[in-house]
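What follows is a set of notes on a single structure, which appears directly below.
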Amino acid sequence: MEGSGVGGSESGSMSTVSWEDNMVVSSEDSSCPDESDLELGLGLSLGGKTGGFKMHQLSKGGQFSRILTAKDFPSVISAASPSSSSSSSSSSLSRANVTAGTKRTADSVAAANGSSQVVGWPPIRAYRMNSMVNQEKNMATEGFNSTMVNHKSETSMVEKTTAGIGKYQNNGNIKLRKSLFVKVNMDGIPIGRKVDLNAHESYEKLAKTLEDMFLKTTSSVNPAGSMTLELGVMKKITRPSKLLDGSSDFVLTYEDKEGDWMLVGDVPWEMFLSSVKRLRIMRTSEATGLAPQLQERNQRQRSKHN
Amino acid sequence: MQKKVACSFPDEVLEHVFSFIQSDKDRNAVSMVCKSWYEIERWCRRKIFIGNCYAVSPRMVIRRFPKVRSIELKGKPHFADFNLVPDGWGGYVLPWIAEMAGAYPWLEEIRLKRMVVTDECLELIAKSFKNFKVLVLFSCEGFSTDGLAAIAASCMNLRELDLRDSDVDDLGGHWLSHFPETYTSLVSLNSSCLGSDEVSLSALERLVGRCTNLRTLRLNRAVPLDKIANILGRAPQLVDFGTGTYGADLQSDVFSSLAGAFSSCKELRSLSGFWDVVPAYLPAIYPVCSRLTSLNLSYVTIQSPDLVKLLRHCPSLQRLLVLDYIEDSGLEALSSSCKDLQELRVFPSDPFGEEPNVSLTEQGLVSVCLACPKLQSVLYFCRRMSNVALVTIAQNCPNLTRFRLCIIEPRTADFLTLEPLDVGFGAIVEHCKDLRRLSLSGLLTDRVFEYIGRYAKKLEMLSVAFAGESDLGLHHVLSGCESLRKLEIRDCPFGDKALLANAAKLETMRSLWMSSCAVSFGACKLLGQKMPRLNVEVIDESGPPDSRPDSCPVDKLYIYRSVAGPRFDMPPFVWTMDEDSALQVS
Chain A
1 MEGSGVGGSE SGSMSTVSWE DNMVVSSEDS SCPDESDLEL GLGLSLGGKT GGFKMHQLSK
61 GGQFSRILTA KDFPSVISAA SPSSSSSSSS SSLSRANVTA GTKRTADSVA AANGSSQVVG
121 WPPIRAYRMN SMVNQEKNMA TEGFNSTMVN HKSETSMVEK TTAGIGKYQN NGNIKLRKSL
181 FVKVNMDGIP IGRKVDLNAH ESYEKLAKTL EDMFLKTTSS VNPAGSMTLE LGVMKKITRP
241 SKLLDGSSDF VLTYEDKEGD WMLVGDVPWE MFLSSVKRLR IMRTSEATGL APQLQERNQR
301 QRSKHN
Chain B
1 MQKKVACSFP DEVLEHVFSF IQSDKDRNAV SMVCKSWYEI ERWCRRKIFI GNCYAVSPRM
61 VIRRFPKVRS IELKGKPHFA DFNLVPDGWG GYVLPWIAEM AGAYPWLEEI RLKRMVVTDE
121 CLELIAKSFK NFKVLVLFSC EGFSTDGLAA IAASCMNLRE LDLRDSDVDD LGGHWLSHFP
181 ETYTSLVSLN SSCLGSDEVS LSALERLVGR CTNLRTLRLN RAVPLDKIAN ILGRAPQLVD
241 FGTGTYGADL QSDVFSSLAG AFSSCKELRS LSGFWDVVPA YLPAIYPVCS RLTSLNLSYV
301 TIQSPDLVKL LRHCPSLQRL LVLDYIEDSG LEALSSSCKD LQELRVFPSD PFGEEPNVSL
361 TEQGLVSVCL ACPKLQSVLY FCRRMSNVAL VTIAQNCPNL TRFRLCIIEP RTADFLTLEP
421 LDVGFGAIVE HCKDLRRLSL SGLLTDRVFE YIGRYAKKLE MLSVAFAGES DLGLHHVLSG
481 CESLRKLEIR DCPFGDKALL ANAAKLETMR SLWMSSCAVS FGACKLLGQK MPRLNVEVID
541 ESGPPDSRPD SCPVDKLYIY RSVAGPRFDM PPFVWTMDED SALQVS
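Chains as they are written, first to last, in this note's numbering: chain A, 1 to 306; chain B, 1 to 586.
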């Protein structure tokens, strides 16, 4: 069976398919592999499927705010965008994969770093993963005799170069990787989200994901899906873009292991990964002390991105 | 004309008879005998289990069962445990609590699994139910220790507080001091998931000391090893104990008081915890080992010989959770020491490593299955498997009810023959006639599903990943597995055909989860349109599915039966396919 499985599978796993990938790989509809074996009953069959389909621009519903990071403040020593070159690999599939990855959130498969990441596999409960990770850290810091030589610490950059990864072979060589989920809260939105930092490779990718998560406008959204609960537990989310004219009103910050709140983007990505505890998308007006000349930069920001 | 027998008993007599009928299934059967039995039964039903909180609404439950004292609710799909369900999906318990606050003032027990619980919920519970006794929050999230403080402060009759595996915002240990000094009813406390480094040890010790009925105590990591002796000393009647950190610099006085404390716990049957173990302290538990029936060493990172030494002291063991450090040799030793073993779970110490870091293979599991005739429940992570091993397991353990095998690398073939593992799993379902739960892994074709459909007649829950070749596989399962209630599938080439052809089956199941498969958006809409008693929910974080053609596969699909209709608390990335959706222009 032809696979459009970007994850290198031979049996057509759809784990990492994006719309672009479908176009690249084949025009065959992925859901009808073997028509002859199965008789459809009861007239619930779909009509004939079109082979191939046009490339759709994923609609994000118009303008929305960007979240500022330290990169937006040119005079701050900004994070070098790390290893983004390592994610590009020779096959066009993986390039498509990378593009697709940026349109998806961390929770989805095949994240932007180009390696075929599989979310939630092996199926180990998040609770257990966190406990084991914390144990490793304790072992490392207290210098216990570690007989677990192969334990990877949470802080190590598990992103590998594409030496072995960029091959989408038929032997189902799917690379497995530990997730690093951290909570993200945005001012004004009661329910937080979680994002897998290890599924991103740079601040830009992370910011993009967060923008997708938090700052989409409601115009493209099914009204039944808006978060109004009868009991008023959750206030209706006011999309920032309604209040603003597309400029950045929010700043991305993180709490580090010492409990301090820092502006995201100040340190190299790897260092950030090793010290971040959780993220917060803060109103710019509240982010005093983190980025002194915010107003000036806002000005520059507006002209740069509009 | 003869009077019908059913009417000749007064209601009170029937009610008394019904009070001996506890199981939900039997109660449901009773309620269907006739109208009067339905009426009597519904007024005296005290305990409700709702496997999917969206299958029914609080009001409907309250309307039918006005005198409930105990409720159990489950929220998110199982794959939420592996981060496959995005945050914000749903599973909020507040609407339930709010309705029950008015309708069930005498509610005593709330058990929740995979639900979002807020501090506001906990405060509402504390305020509304005067005789509240049991709170179990299994894998829940959304609340902090402030909410727990409210429970502690108000629930004078609280017996059980179990937070197992929940994601709690731990603001420090002071919540424990909210239990009043006059409060003594605690029977079970599981706070092992609390993550803060702070814990109020003195409040904990005082609480333990005055609650003389305490049977279960599972501490969190913040409780240091040298405090265990003191705590155990105040509760020698404990049956189930979970340590906090079990490591410290070795000091002989600490060791001896620890050993002394353990030996005075004559009722102790279950141990867990053991984070950051220092092996030298393990022998302190030897005094209780011979009576232990349950041992959770799944956070114990010590090598096989030390594990074996410990396990040799535990001949009565029925349940063991352990890391793969135990290796094949350790499992072999286990199989000769622990003949009463019923449940075995082996977790991977390095699931993301490319090469195996320990010598644990299919042999370990086989040796246990050969030697432990009572084995019923298996969860096993390993890196290789063979059909021959699976057949051996199947033939020697026909009493298996739960078999979950995770071969770490997806689509791994039989390492001996390089064939798929269809025949092996086929043997499992053929021989283990009472199998209720099965998780597959390794290289699998449609064949394995043919076997499952043919033999697995008692199977209730099936988990499938990276398996199968075509819709035929899914069709076999949906058409053959008569007892199937929950089906969860990821990364399989199953599409529209089997799903649509077996649409009616879905109403007989609790739920179906399919992610990274090949089900098209059009099929989802069709299903939603044709099956009004199913909620067909599409989860897609990359944007609304109707901005793409109908033939595009959906990212994640969750279908469940419901008498409550579509829900209204969905986040922006979840869409319900209902009767109107098929009419929308895509």
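Note that the Cβ used here is the ideal one computed from N, Cα and C, for glycine as well.
Note that this is a predicted model, so its numbers are computed, not measured.
Partners in chain A for residue i, counting only beta-carbon separations shorter than 8 Å
i               : result
C193 of chain B : Y127
Local conformation of residue i per DSSP, three classes
i               : result
N357 of chain B : coil
M156 of chain B : coil
T392 of chain B : helix
V563 of chain B : coil
I189 of chain A : coil
E12 of chain B  : helix
M531 of chain B : coil
E406 of chain B : The amino acid at residue 406 of chain B is misidentified as Glu; the sequence shows Cys. Residue state, collapsed to three classes: strand.
A275 of chain B : In the sequence as presented, Ala is not what sits at residue 275 of chain B; that position holds Trp. In this structure, W275 of chain B counts as strand in the three-state DSSP scheme.
L214 of chain B : coil
P571 of chain B : coil
R319 of chain B : strand
D550 of chain B : coil
W261 of chain A : strand
R437 of chain B : strand
I62 of chain B  : helix
V17 of chain B  : helix
R128 of chain A : helix
L444 of chain B : coil
R46 of chain B  : coil
Nearest-angstrom beta carbon gap, residue j and residue i [assumed within contact, 8 Å]
i               : j               : result
E41 of chain B  : R63 of chain B  : E41 of chain B to R63 of chain B, Cβ: 14 Å. No contact.
A126 of chain A : D81 of chain B  : 7 Å
L534 of chain B : Y560 of chain B : 7 Å
I228 of chain B : A261 of chain B : 7 Å
T417 of chain B : G442 of chain B : No, T417 of chain B and G442 of chain B are not in contact; Cβ-Cβ is about 12 Å, not under 8 Å.
L390 of chain B : I428 of chain B : 6 Å
E123 of chain B : A150 of chain B : 5 Å
Chain-ordered neighbours of residue i on chain A, where CB pairs are closer than 7 Å
i               : result
C524 of chain B : The contacting residues do not exist; C524 of chain B stays about 11 Å from chain A at best.
C406 of chain B : P122 and P123
F381 of chain B : P122
Cβ-Cβ distance between residue i and residue j below 9 Å
i               : j               : result
T243 of chain B : L194 of chain B : no
E255 of chain A : R283 of chain A : no
A29 of chain B  : P58 of chain B  : no
I21 of chain B  : I50 of chain B  : no
T508 of chain B : E537 of chain B : no
S166 of chain B : S139 of chain B : yes
P400 of chain B : S377 of chain B : Inspection of the sequence shows that residue 400 of chain B is occupied by Leu rather than by Pro. In this structure, S377 of chain B lies closer than 9 Å to L400 of chain B by Cβ.
L292 of chain B : L331 of chain B : no
G192 of chain A : D328 of chain B : no
R402 of chain B : R436 of chain B : yes
S272 of chain B : L321 of chain B : yes
L214 of chain B : L204 of chain B : no
E541 of chain B : M129 of chain A : no
R221 of chain B : S188 of chain B : no
Where residue i meets chain B, residues with beta-carbon distance less than 8 Å
i               : result
R193 of chain A : P86, D87 and G88
G366 of chain A : Past the boundaries of the shown model lies residue 366 of chain A; chain A is included only from 1 to 306, so the question cannot be answered.
F181 of chain A : N83
For residue i: DSSP bridge partner residues
i               : result
M282 of chain A : A:V251
E537 of chain B : B:Y558 and B:T576
N399 of chain B : The partner list for N399 of chain B (beta bridge, DSSP) is empty, contrary to what the question assumes.
Y380 of chain B : B:V346 and B:L405
S36 of chain B  : DSSP, once it has assigned bridges, lists no residue as partnering S36 of chain B.
Y203 of chain A : For Y203 of chain A, which the question treats as bridged, DSSP gives no partner whatsoever.
D162 of chain B : B:V136 and B:N190
E590 of chain B : Absent from the model: residue 590 of chain B. The displayed extent of chain B is 1 to 586, so no value can be given.
V184 of chain A : A:R193 and A:L279
T245 of chain B : B:W275
D256 of chain A : A:V276
Contacts of residue i in chain A (Cβ-Cβ under 9 Å)
i               : result
F347 of chain B : I124, R128 and M132
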